[in-house]
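S.K.: Take this structure first; my questions come after.
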């Protein structure tokens, strides 16, 4: 049976060719593509190259797409190869339909209608009625060559001129409606032109076929940008503006050949004119999973260059969250951070291509920038806000299906979290011994108190649930800081610390036996001199907060006052309220002349 070309196009788009070929022969990277010894003839030097949508052997001239490869390598018929690939892609094979040939013919007709409309609008741009549109494009710095290359046009005033012109070509209003350039009444009757007084942008699919238009109005009308509606040949969530050009451009090297994702038509066109011919853009919506799949077929790590404003940051976050469930070790994203209130178009026009090339060269992997995107706007947060952010980071990493990759992302995100909100100064204290960046001073007596705090956690691991924020704020010497790092890493990995014996074994494996023995010895000497049961009872949290307070009583009292105010405002949960009660008890003990090292 004849298969719908739209179904075959979607199948090819959803089936990366490299993994299919990689099942038959070992592929190795060759720039942005792959190469291998040809599976169809014996050779020792690779002459078989795999691109984003096809393969070609320069030895035996074997050539084709993913469907052809399955046919040639497995001896399948065309329908058998299509069915095998469709099953793997989770697509349902179309049922036999006597109208299928008619549908394919209709798709070809719609393409011909759009080609005729495009010719009309492109011609109008250089006629008197298109003077305003042409002036706008030239005012944006576009050359005649660029305007022609992208087929930019002018839609006219929308007063029936297009219908009259198309009628001379036997194109009816119904055909214009089906092609997405006329609006329809509620009963489906074509009523008026969709695009009028707009500069027009032809939208092509990845194979270069015209499938719709976008338009920018001049003046104060709304919407500023308008895309054609969904049609039999156009799906907004599957198409990327400029991808037909970018596929060829990215086969080179350097910044000019990077696959760049920007926000709008003009960004794509301006970058193309500046030499960055790998630029593409979604069609006025957030980047979709289908568009990401199409990008990854062209390049394993596209660069996202969104605008440097708040909307651009939100678009970057949305793109990252959409990408995470689709990531694997062979495909990811990079992010190019534009200056605030800049977009690629304004940047290259003002500062030139070199400025854009520098930003692209500095594009960072998604794992490096994801924390900054997710924590944007979180400043000086309290425990609840930090807990919420930390939970979100863990959840986001959990979206990645590859467990090893998910674990790496989780570690990277939590490392950034602790460096930003909790462990500031820890690594600095190791490198710059004796330089304090925290209000907690390190003296002989304080060092003993810090040892006791660490020892309590070793002997009562459950204490860390409540005290970890305060523990992270301490400025410690290198050996105690290393112990804390391992304790917090264990806690992050498991959600809690293991029992004391297992904890001791883990720390021993990490080479921390000496420091563990020393902190326990400090606490043991103290317990040998006096008993604290009457003072602290059986609550190790009370004892921990007591010695934490002795390091800086004023700071401890200020923290309690701040949390008491938050409690009165109803901002503390049950666990935070329980911690506050314990700290109040410790402060009261201290004020009543409770125990210290020198008593």
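In UniProt numbering, the protein residues as written are 1 to 599. From the three backbone atoms N, C-alpha and C, an ideal C-beta is built for every residue, glycine too.
Which class does residue 303 belong to by DSSP, given the choice of helix, strand or coil?
M.R.: In the structure shown, residue 303 sits in a strand (DSSP, three-state: E or B).
S.K.: Counting only runs of 4+ residues fully inside the segment 477-506, write out the alpha helix (DSSP H) ranges in chain order.
M.R.: DSSP runs (the alpha helix (DSSP H)) wholly in the segment 477-506: 478-494.
S.K.: For residue 378, count neighbouring C-beta atoms within 10 Å of its own C-beta (all shown protein chains included) and say buried if the count is 16 or more, exposed if not.
M.R.: Residue 378 is exposed by the Cβ-count criterion.
S.K.: Does DSSP put residue 59 in a helix, in a strand, or in coil?
M.R.: Here residue 59 sits in coil by DSSP.
S.K.: Is the beta carbon of residue 405 sitting closer than 7 Å to the one on residue 329?
M.R.: Yes; because the gap between Cβ atoms is below 7 Å, this pair is in contact.
S.K.: I need the straight-line Cα distance from residue 303 to residue 259, nearest angstrom please.
M.R.: Rounded to whole angstroms, residue 303 to residue 259 spans 6 Å at the Cα level.
S.K.: Report back the beta-carbon spacing between residue 497 and residue 503 to the nearest angstrom; my notes put them in contact at under 8 Å.
M.R.: Contact flag correct, Cβ pair sits at about 6 Å.
S.K.: Taking the alpha-carbon of residue 364 as reference, which of 301, 342 and 399 has the nearest alpha-carbon?
M.R.: The shortest C-alpha separation from residue 364 is found at 301.
S.K.: Confirm, please, whether the CB-CB distance from residue 333 to residue 280 is below 7 Å.
M.R.: Contact flag unset, no.
S.K.: Buried or exposed for residue 153, going by 16 or more other Cβ atoms inside 10 Å?
M.R.: Residue 153 should be labelled buried.
S.K.: One question on the structure: do residue 292 and residue 323 come within less than 7 Å of each other, judged by their Cβ atoms?
M.R.: Result yes, Cβ atoms of residue 292 and residue 323 sit closer than 7 Å.
S.K.: Do you know how far the Cα of residue 472 is from the Cα of residue 6?
M.R.: Computed Cα separation, rounded: 57 Å.
S.K.: Using the Cα positions of residue 144 and residue 85, report the straight-line distance between them to the nearest angstrom.
M.R.: The straight-line gap from Cα to Cα measures roughly 44 Å.
S.K.: In angstroms, rounded to a whole number, what distance separates the CA positions of residue 521 and residue 494?
M.R.: Whole-angstrom Cα-Cα distance: 28 Å.
S.K.: Could you round the C-beta distance between residue 492 and residue 414 to whole angstroms and report it? I think they count as a contact, below 8 Å.
M.R.: Confirmed, Cβ separation roughly 5 Å.
S.K.: Is DSSP giving residue 543 helix, strand or coil here?
M.R.: In the structure shown, residue 543 sits in a helix (DSSP, three-state: H, G or I).
S.K.: What residue does the beta strand (DSSP E) around residue 35 start on, and which one ends it?
M.R.: Looking at the DSSP string, the run of the beta strand (DSSP E) that includes residue 35 is 33-36.
S.K.: Are the CB atoms of residue 35 and residue 250 within a distance shorter than 7 Å?
M.R.: No, Cβ-Cβ distance for residue 250 and residue 35 is not below 7 Å.
S.K.: Which class does residue 16 belong to by DSSP, given the choice of helix, strand or coil?
M.R.: Looking at residue 16 - three-state DSSP - the assignment turns out to be coil, as it is neither helix nor strand.
S.K.: Give the DSSP-derived three-state secondary structure of residue 193 in the structure shown.
M.R.: If DSSP states are grouped into helix, strand and coil, residue 193 belongs with the strands.
S.K.: Given this structure, state the Cα-to-Cα distance separating residue 476 from residue 55, to the nearest angstrom.
M.R.: About 59 Å.
S.K.: Compute the Euclidean distance between the alpha carbons of residue 37 and residue 78, then round it to the nearest angstrom.
M.R.: The straight-line gap from Cα to Cα measures roughly 25 Å.
S.K.: Mark residue 524 as exposed unless 16 or more other C-beta atoms lie within 10 angstroms of its C-beta, in which case mark it buried.
M.R.: The residue in question, residue 524, is exposed, as its Cβ has fewer than 16 Cβ neighbours within 10 Å.
S.K.: Can you pull the DSSP bridge partners for residue 452?
M.R.: Partner(s): none; residue 452 has no beta bridge.
S.K.: Classify residue 73 as helix, strand or coil using the three-state DSSP reduction.
M.R.: Residue 73 falls in the helix class under three-state DSSP.
S.K.: Can you tell me where the beta strand (DSSP E) holding residue 200 begins and where it ends?
M.R.: Element bounds for residue 200: 198-204.
S.K.: Just verifying my parser: in three-state terms, what is the DSSP assignment at residue 370?
M.R.: In the structure shown, residue 370 sits in a helix (DSSP, three-state: H, G or I).
S.K.: Determine the extent of the alpha helix (DSSP H) in which residue 555 is found, giving its start and end residues.
M.R.: Looking at the DSSP string, the run of the alpha helix (DSSP H) that includes residue 555 is 553-568.
S.K.: Given residue 402, which residues of its chain have a CB within under 6 Å of its CB, disregarding the five upstream and five downstream residues?
M.R.: Correct list, in chain order: 328.
S.K.: Which residues in the same chain as residue 409 place their Cβ atom closer than 7 Å to its Cβ, once the five residues preceding and following it in sequence are excluded?
M.R.: For residue 409, where only same-chain residues beyond five positions count, the Cβ hits under 7 Å are 367, 397 and 400.
S.K.: Taking the alpha carbon of residue 231 as the reference point, which residue from 147, 450, 109 and 393 has its own alpha carbon closest?
M.R.: Nearest C-alpha to residue 231: 109.
S.K.: Along the chain, where does the alpha helix (DSSP H) containing residue 216 start, and where does it finish?
M.R.: Note, residue 216: premise wrong, no alpha helix (DSSP H); beta strand (DSSP E) at 210-217.
S.K.: Rounded to whole angstroms, what is the Cα-Cα separation between residue 624 and residue 257?
M.R.: The structure shown does not extend to residue 624, since the chain spans only 1 to 599, so no value can be given for it.
S.K.: With a CB to CB cut of under 7 Å and the five nearest residues on each side skipped, what residues in its chain are close to residue 548?
M.R.: Within the same chain, residue 548 has close Cβ partners 453, 470 and 556.
S.K.: May I ask you to report which of helix, strand or coil DSSP gives residue 241?
M.R.: Reduced to three states, the DSSP call for residue 241 is strand.
S.K.: By Cβ distance, which residues of its chain are closer than 6 Å to residue 114, with the 5 residues on each side in sequence left out?
M.R.: The answer, listed in chain order, is 179 and 210.
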